[in-house]
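**Student:** Pasting a structure here, questions to come.
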Amino acid sequence: MSVTASFGGREGRPPLVQLLTPEGERVEHPDFAFDLDDEAIKGFYRDLVLTRRVDFEATALQRQGELGIWASLLGQEAAQIGSGRALSAQDYAFPTYREHGVAWCRGVDPLQLIGLFRGVDQGGWDPRESNFHLYTIVIGAQTLHATGYAMGIQRDGLVGTGDPRRDAATIVYFGDGATSQGDVNESFVFASVYNAPVVFFCQNNQWAISEPIERQSRIPLYQRALGFGFPGVRVDGNDVLACYAVTKAALQRAREGSGPMLVEAFTYRMGAHTTSDDPTRYRLSEELEHWKLKDPIERVKAYLSRNGIVDAGFYAGVEAEADELAARLRAGCLSMPDPDPLSIFDHVYVETTPQLRQQREDFAGYLASFEGAH
Amino acid sequence: MPGRDDAGQGAPVTVTMAKAINMGLRAAMEADPKVLVMGEDVGKLGGVFRVTDGLQKDFGEDRVIDTPLAESGILGTAIGLALRGYRPVCEIQFDGFVFPGYDQIISQLAKMHFRSLGKLRVPVVVRIPFGGGIGAVEHHSESPESLFVHVAGLKVLACSNPVDAYWMIQQAISTDDPVIFFEPKRRYWEKAVLDVAAGPLTPLHAAQVLRSGDDVTLLCWGPMVKTCLQAAEVAAGEDRSLEVIDLRTLSPLDLPVIFQSVRRTGRAVVVHESPLTVGMGAEIAARITEECFYSLESPVLRVTGFDTPYPPSKIEEDYLPDLDRVLDAVDRALAW
Ligand SMILES: Cc1ncc(C[n+]2csc(CCOP(=O)(O)OP(=O)(O)O)c2C)c(N)n1
Ligand SMILES: [Mg+2]
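Which chain is which? The protein sequence lines are G and W, in order.
To convert, note that position 59 of the first sequence is 106 in our numbering; the numbers rise steadily by one, no gaps.
To convert, note that position 93 of the second sequence is 102 in our numbering; the numbers rise steadily by one, no gaps.
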């Protein structure tokens, strides 16, 4: 693969890697090819629809008071499914708080995400099982973790062995706003000087809460990579095929020992920042209308239908599966037990301390003093 | 006095604490063109709690600055602006997000006056919505006040009600030392009648006795003030007379007010949301013990968060000191 072609902007608009147009037409790109068959695209469609349904159901649960908050991925499904499906089992992903689609690809039960936003725990899944790290809310911090993890993979001798089942890389997700943080820029430096096998996957959804991308950068974000000494590519973030192909190439490059790469998935946050946010205060609805035409699911559907790859039964099947999933999530959420108050004291340390043990005992005694009182 | 001669603003108004701080910021900006507001989402959105609502519209983008998403950047550039004669008021979106800027605060902001032998002043105010009780996810409910009080060179304040908030923010802005200004986020929507014509009733670095009592002194600030006032009310029904002191200023502490009260009641309970160990309660208890030893009828007790990270929101009410835990400590102090 030649990434140099995508290095700097050519004349005019920054180059955007696209393999499936908003109208559902397959197009070629000189540097990146989609190498899977139509069965895989059907699979992507299912992933996209189910992920969106998880998001809808969680949003509804929040509105009904069952979740404290929810960060919607609406509009970013293709960026997440495309990149998530490009991962090999041995790769390790570091998400923000919005990577519900990547979590899906990594086999994390969406109910675990719902538990976090319900306030039951801070991420109940085992990152070692799914190779999907805990959600990180402090903006940008995880980019350094991904870089360090990648440095560990290097030291384990699992870069460039030539064995695709052994070579590994990390991928780290972050937003356009995050690119302003020191941590993110430091991770670029570390990854670059150590040639670490990490893919920086930036979902440029144009907004950091109320601040437009112009508040963070005057150049296209993918071009930042050049200054740090590694390639950057801008991909159509609403094109699941392109996101898959570009991420796969970037991961492959990293696993082979060619170092980091920045993928800027150019997309749009179709919803509010979170359920607490009111975007009508700071952005125009025309913008949203414009991006609706680029919907990541509609174009896959158009491709599948137009080429007679699927029939109505396929869509009905996916829809039924989505209904089932939504019902399971709802029931699972409503029956989720609150944590035991004494669990506050669990896991603070590997080896707890005498003082903390005492605090736990005192609090247990205090709670017991109410029993029978009411 | 800033805000006094605002047309049509003479009459007392009922305002939330968020609105009161907003009005205080506005008054400070009107009074001094060097006052700037900066932070994430403070401009068009007016901040996630709407504390800076409308300020950018009225004062422009040069004075109300939507910054890039970088706390170290916000704090570091605020220092530079202050060196150039401006008075930046930085908003940190939530308590847990001050730490990317902590280095600039601790290593640069706090020490600038000292290391320049008094030649350089950096009158930066850092506003931090703090504390729990709003059902939020991680990093949105912390109480890091002692991490700042421990550092010489910083003044640290915590408001507890709209009237104080209105005056304290203006007094903080006119302070020539750097100020960390804690706002109890779960009280942002509490209302009170604000009379801007009355002028500040309390000097900035003064504690305030909000309720007089004879049996036990409750020492609190920020979100715990309301909790302690409620506890005092309940206790009164059980013939227990609690004195409630809103410390307001955590660095410096207004020790004489504390000592005077404890010498009279002989018992003190410090209440804070932040963890127990090396929290403000430890310092206050030590000071009381040193100065009021012979007046004490019981040890100074503390009701605090636990020595754990802030828990998931479903059990945050177990973590946070509440009325029952305060009254339990009062019982223990009285039974000593
Ligand atoms: C260090 C830090 N500062 C502030 C915040 C509050 N905050 C949460 S999300 C967000 C905007 C993030 O924008 P971006 O990186 O573009 O990601 P997006 O939410 O658009 O996916 C901010 C400011 C935070 N979580 N962490
Ligand atoms: Mg964004």
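By construction, the Cβ of each residue, glycine as well, lies at the ideal position given by its N, Cα and C atoms.
Taking Cβ positions only, does W:Tyr197 come closer than 9 Å to chain G?
**Tutor:** no
**Student:** Could you list which residues in chain W have their beta carbon closer than 7 Å to that of G:Ile186, in chain order?
**Tutor:** Leu78
**Student:** Give me the Cβ distance between W:Leu203 and W:Val44, rounded to the nearest whole Å; I'm assuming they're in contact under 8 Å.
**Tutor:** Contact doesn't hold; Cβ gap of about 20 Å is too wide.
**Student:** Return the chain-ordered list of same chain residues with a C-beta closer than 8 Å to the C-beta of G:Gly171, the five sequence neighbours on each side being excluded.
**Tutor:** Gln159, Gly162, Leu163
**Student:** Check each candidate in G:Ser416, G:Asp85, G:Pro307 and name the one with the smallest Cα separation from G:Met198.
**Tutor:** G:Pro307
**Student:** Buried or exposed: which applies to W:Asp255, given that a residue is buried once 16 or more other Cβ atoms fall within 10 Å of its Cβ?
**Tutor:** buried
**Student:** If you run the structure through DSSP and keep just helix, strand and coil, what is G:Ser305?
**Tutor:** Note: G:Ser305 maps to coil in three-state DSSP.
**Student:** Going by alpha carbons, who is nearest to G:Pro321 out of G:Gly71, G:Gly274, G:Trp117?
**Tutor:** Before going on, a small fix: residue 321 of chain G reads as Thr here, not Pro. Minimum Cα distance to G:Thr321 is reached at G:Trp117.
**Student:** I'd like to know if the stretch 198-218 of chain W and the stretch 139-157 of chain W are in contact, where contact means that at least 3 CB-CB pairs between them fall below 8 Å.
**Tutor:** These segments do not touch.
**Student:** Between the stretch 321-338 of chain W and the stretch 285-295 of chain W, do three or more beta carbon pairs fall short of 8 Å?
**Tutor:** no
**Student:** Do you know how far the Cα of W:Lys66 is from the Cα of W:Lys53?
**Tutor:** 8 Å
**Student:** Using a Cβ-Cβ cut-off of 6 Å (strictly less than) and excluding sequence neighbours within five positions of W:Pro109, which residues of its own chain qualify?
**Tutor:** Glu80, Ser81
**Student:** Tell me the rounded alpha-carbon separation between G:Leu456 and G:Ala378.
**Tutor:** Given a span of 48 to 421 for chain G in the structure shown, any question on residue 456 of chain G remains unanswerable.
**Student:** Would a check of beta-carbon distances place W:Gly84 closer than 9 Å to chain G?
**Tutor:** Correcting the residue type first, residue 84 of chain W is Leu in the shown sequence and not Gly. For W:Leu84, the answer is no, since every Cβ of chain G falls outside 9 Å of its Cβ.
**Student:** Taking G:Val422 as the query, report the chain W residues whose CB atoms sit under 7 Å from its CB, ordered along the chain.
**Tutor:** The structure shown has nothing for residue 422 of chain G, since chain G only spans 48 to 421.
**Student:** For a quick check, are the C-beta atoms of G:Ile356 and G:Ile88 less than 9 Å apart?
**Tutor:** yes
**Student:** Which class does G:Ile256 belong to by DSSP, given the choice of helix, strand or coil?
**Tutor:** coil
**Student:** Could you tell me whether the Cβ atoms of W:Leu166 and W:Leu118 are closer together than 9 Å?
**Tutor:** W:Leu118 sits away from W:Leu166, with the two beta carbons spaced by 9 Å or more.
**Student:** Please list, in chain order, all residues of the same chain as G:Asp138 whose beta carbon is under 7 Å from its beta carbon, the five residues on each side excluded.
**Tutor:** Asn178, Ala215, Ala216, Thr217, Ile218, Leu298.
**Student:** How long is the line joining the alpha carbons of W:Gly69 and W:Val107, rounded to whole angstroms?
**Tutor:** For W:Gly69 and W:Val107, the distance between alpha carbons rounds to 25 Å.
**Student:** In chain order, what residues of the same chain have a beta carbon less than 8 Å from the beta carbon of W:His122, not counting five sequence neighbours either side?
**Tutor:** Leu129, Arg130, Val131, Gly162, Asp186
**Student:** By DSSP's criteria, W:Thr226 is part of a beta bridge. Which residues make up the other side?
**Tutor:** W:Glu252, W:Ala277
**Student:** With three or more beta-carbon pairs closer than 8 Å as the criterion, would you say the stretch 219-229 of chain G touches the stretch 243-253 of chain G?
**Tutor:** Proximity of the stretch 219-229 of chain G to the stretch 243-253 of chain G meets the contact definition, three or more beta-carbon pairs being nearer than 8 Å.
**Student:** Pick helix, strand or coil for G:Arg153, following the three-state DSSP scheme.
**Tutor:** coil
**Student:** Excluding the 5 residues flanking W:Ser116 on each side, which residues of the same chain have their C-beta closer than 7 Å to its C-beta?
**Tutor:** none
**Student:** Runs of 4 residues minimum, wholly inside the stretch 60-112 of chain G: which ones carry the alpha helix (DSSP H) assignment?
**Tutor:** 85-110
**Student:** Which chain G residues sit within Cβ distance under 7 Å of W:Asp327?
**Tutor:** Pro388, Ile391
**Student:** Out of curiosity, what's the CA-to-CA distance linking G:Ser119 and G:Leu372?
**Tutor:** 17 Å
**Student:** Of all the CB atoms in chain W, is at least one closer than 9 Å to the CB of G:Gln253?
**Tutor:** no
**Student:** Considering only residues of the same chain and omitting the five flanking positions on each side of G:Thr314, which have a CB-CB separation below 7 Å?
**Tutor:** Gly122, Gln123, Ala126, Gln250, Asn251, Asn252, Gly284, Asn285
**Student:** Should G:Asp324 be flagged as near chain W, meaning a C-beta pair shorter than 9 Å?
**Tutor:** yes
**Student:** Considering only their Cβ atoms, is the gap separating W:Val60 from W:Tyr197 smaller than 9 Å?
**Tutor:** Using a Cβ distance threshold of 9 Å, W:Tyr197 and W:Val60 count as a contacting pair.
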